[in-house]
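Sequential numbering of the sequence shown, starting at 19, is according to this note's numbering. Written out below as structure tokens is the structure these notes cover.
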Amino acid sequence: MMSISVGIIGAGLIGRKRAMALPKFDNCKLKVVVDVDRKRAEELAAEFGTESETDWGKVVRRKDIDVIIVATYNKYLMPISVAALNNKKHVLCEKPLGRNIGESKQIIDAAKQSDVILKTGFNHRHHPAIAKAKELFTGGKIGKLYFLRCCYGHGGRPGYDKEWRADKDLCGGGELLDQGVHVVDLFRWLAGDFDEAFGYTETYFWNMEVEDNAFAIFKKDNGVVATMHTSWTQWKNRFSFEVYGSEGYLIVDGLGGGYGTETLRIGKRKPEGGPPYEEIMEFRGPDISWGEEWKEFISAIKEGREPLGNGWDGYQANRMIQAVYESAKTGKVIRLED
């Protein structure tokens, strides 16, 4: 069995979630945790009985590391990922894949040149209700696709406007790029590429230079439309993802934890009209998406194939996000060109 040695760069909330997924796999060993904050690196490393380091440059050059997980502020995702890829490391870069498509392209180009595996951290694909919805949709459960819509948000916390997500240089964008990037990735995963984007961004409540709310519409040339609202003023956490077709619908509500129990509602249209037939599936228990995503990534490395949610997917998600920013600035519909 192939043994995988892992280095995590970024010891914050997401770095810890990534670290927690590793012990479930006997063939994976967390070798080192890196953070510019020495205390934070040491604390996470101690929790998992491994080394700590403050210099990520040393770690990406180490011969005993196979995979680098990059879970830093958005500003540093590109330079660290590119350096790791140039040193022949497989890379899981936490979403978004850079602050913009220019940074995304530098990352995917480095992966191509080094012939290693690049994955964008899109763990939402691995939430069980979402994965089941994808399976049913692909199997034709709701017939011809008509439209998708999503509402995703939370209300922040005291001092949210002082955190790194409020600093445009560090983050590259606000709520649209933060949680919205998950939504557009799911739109693409189900419906494929879109052709047009239009949207608005607003800063309603938080004193910050990036948006705390974003509203977007994406359209395919065949008429399929996807609409989304992402918000940092959704005072009660909410995730609702809906897919409607000619024969019925699929509705995912909740992501577990503060977002409520994860459920999938499967609706079947009655030919004679009236309320549809409905089945509701519940997915209780801890969040398994991080572990499931890691398992799929390791399988991709072993099999020498592209992972689910690869570098190109990260680039395309950022392309959709960037188009909404351009639309909000110009008031125009933006064509999504390659």
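Beta carbons are placed, not taken as given, at the ideal position from N, Cα and C, and that holds for glycine. Given the structure is predicted, the values throughout are model-derived calculations rather than measurements.
Rounded C-alpha distance that separates residue i from residue j
i	j	result
K81	F257	42 angstroms
G275	D305	8 angstroms
E310	C111	16 angstroms
G210	A149	16 angstroms
V109	R56	23 angstroms
I32	V54	15 angstroms
K320	G25	18 angstroms
E296	I269	11 angstroms
T138	D331	7 angstroms
G171	V199	12 angstroms
F301	R36	21 angstroms
Y222	G173	12 angstroms
K152	E71	40 angstroms
P176	H142	26 angstroms
G190	K237	25 angstroms
I83	C46	11 angstroms
K347	A341	10 angstroms
V85	G291	54 angstroms
S21	F216	46 angstroms
P376	R34	Lying before the first or after the last residue shown, residue 376 is absent from the chain, which here runs from 19 to 356.
E69	K106	21 angstroms
L136	V77	17 angstroms
R287	A318	38 angstroms
Y343	D271	27 angstroms
A128	P289	52 angstroms
G349	G192	19 angstroms
Reduced DSSP category for residue i - H, G, I as helix; E, B as strand; rest coil
i	result
K137	strand
N118	coil
N240	coil
N231	strand
R143	helix
L354	coil
L188	helix
F155	helix
L110	strand
F216	strand
K49	strand
E60	helix
F301	strand
E65	helix
G266	strand
Span of the beta strand (DSSP E) around residue i
i	result
L282	280-286
T348	Counting along the chain, T348 falls outside any beta strand (DSSP E), though it belongs to the alpha helix (DSSP H) covering 329-348.
E324	Careful: E324 lies outside any beta strand (DSSP E) and carries neither H nor E.
G292	That residue, G292, is in no beta strand (DSSP E); it is neither H nor E in DSSP.
R256	256-263
G25	22-27
Of the residues the options, the one placed nearest residue i, counting alpha carbons only
i	options	result
I125	N336, R143, Q340, G177	N336
S132	I160, V242, L103	L103
E220	E229, L136, S99	E229
A39	V52, V54, F66, D53	F66
E227	W330, D185, K320	D185
V100	R143, E71, V134	V134
H247	I284, K159, V202, G278	V202
T156	R183, G349, L136, L208	L208
E265	K113, Y91, A318, K159	K159
D179	P114, N225, T279	N225
W253	M299, M338, N231, G116	N231
G30	E69, V78, W182	W182
E314	R34, I27, F43, G28	F43
N328	S21, V52, P97, P114	P114
E260	I284, S249, Y277	I284
S249	I98, Y262, F233	F233
E280	G120, R206, I298	I298
Y277	R117, K49, C169	C169
D196	R117, E355, Y333, I98	R117
A64	K49, R323, I339, T90	K49
K130	E355, R353, R323, Y343	R323
Q334	E121, N255, I98, L62	E121
Residue span of the alpha helix (DSSP H) that contains residue i, given as start and end
i	result
F165	No alpha helix (DSSP H) contains F165, which is instead part of the beta strand (DSSP E) from 163-171.
E314	307-321
S99	95-104
I32	31-39
L273	No alpha helix (DSSP H) contains L273, which DSSP labels as neither H nor E.
E193	193-196
V85	It is not in any alpha helix (DSSP H) - V85 instead sits in the beta strand (DSSP E) that spans 85-88.
K76	74-78
The ligand PLP heavy atom lying under 6 angstroms from the CB of residue i
i	result
L31	Although the ligand PLP was asked about, the structure shown includes no ligands whatsoever.
Inset, instruction - Pair every Cβ in the region 241-251 with every Cβ in the region 158-176, then say whether three or more of these pairs are closer than 8 angstroms. - result: yes
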